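> Dumping the structure here so I can ask a few things about it.
Numbering (this note's numbering), first residue to last: 419 to 585.
Written out as structure tokens, the structure is:
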């Protein structure tokens, strides 16, 4: 609760000083607290939507990517995987061809996971294969996660030999 109060103070100060960047940042940070710690999804969603609106008006594309991911995570947490998929796709679209492979891999993994949950298995395979294409930059942990996810998809399909190969 101290953390929430602290971030509310930061938000109030940003509003008082008409610091729109600061407001967007504070809204996102508060949203993340409500999403990950208190699991108050409506409150988190409200904060993320407000942040997204500010980020959009200010052209803060990089921040928008993370806000889309956060909104997608809210939807995934409450079981609305189709809406989660939509916002993860928005994050990827907004990311575009930026060079940051770490963020691209994060988005691809989320897209793969949610695609599998909504029975878009082929898309999930494609996302995880794309993750593997970044294995040299992203490191062995990312490669292992992608291989595990691919193995899980093969297991669901009953392709146990392929699943074992990937495990």
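We put the CB at the ideal spot given by N, CA and C, even for glycine. Remember, it's a predicted structure, so these values are computed and weren't measured experimentally.
By DSSP, does residue 552 sit in helix, in strand, or in coil?
Taking the first residue of the chain shown as position 1, residue 552 is located at position 134. Three-state result, residue 552: coil.
> Do residue 499 and residue 549 have their beta-carbon atoms positioned less than 9 angstroms apart in this structure?
Numbered from 1 along the chain shown, position 131 holds the residue referred to as residue 549. Numbered from 1 along the chain shown, position 81 holds the residue referred to as residue 499. No, Cβ-Cβ distance for residue 549 and residue 499 is not below 9 angstroms.
> Compute the distance between the beta-carbons of residue 545 and residue 533, then report whether it is under 9 angstroms.
Here the question's residue 545 lines up with position 127 in the chain shown. Here the question's residue 533 lines up with position 115 in the chain shown. Contact: yes.
> Could you say which of 473, 555, 464, 435 lies nearest to residue 517 if we only look at CA atoms?
Within the chain shown, residue 517 is the residue found at index 99, counting from 1. Of 473, 555, 464, 435, the residue nearest in Cα terms is 555.
> Pull up the distance between the alpha-carbon of residue 582 and that of residue 547, whole angstroms please.
As a working note, residue 582 is residue 164 in the chain shown. As a working note, residue 547 is residue 129 in the chain shown. In a straight line, the C-alpha of residue 582 is about 17 angstroms away from that of residue 547.
> In this structure, does DSSP put residue 575 in helix, strand or coil?
Here residue 575 refers to the residue found at position 157 when the chain shown is read from its first residue. Coil, per DSSP.
> Just the Cα atoms here: how many angstroms apart are residue 491 and residue 443?
Locating residue 491 in the chain shown gives position 73, where the first residue counts as 1. Locating residue 443 in the chain shown gives position 25, where the first residue counts as 1. Roughly 18 angstroms separates the two Cα atoms.
> Under the three-state reduction of DSSP, which class applies to residue 516: helix, strand or coil?
In the chain shown, counting from the first residue as 1, residue 516 sits at position 98. If DSSP states are grouped into helix, strand and coil, residue 516 belongs with coil.
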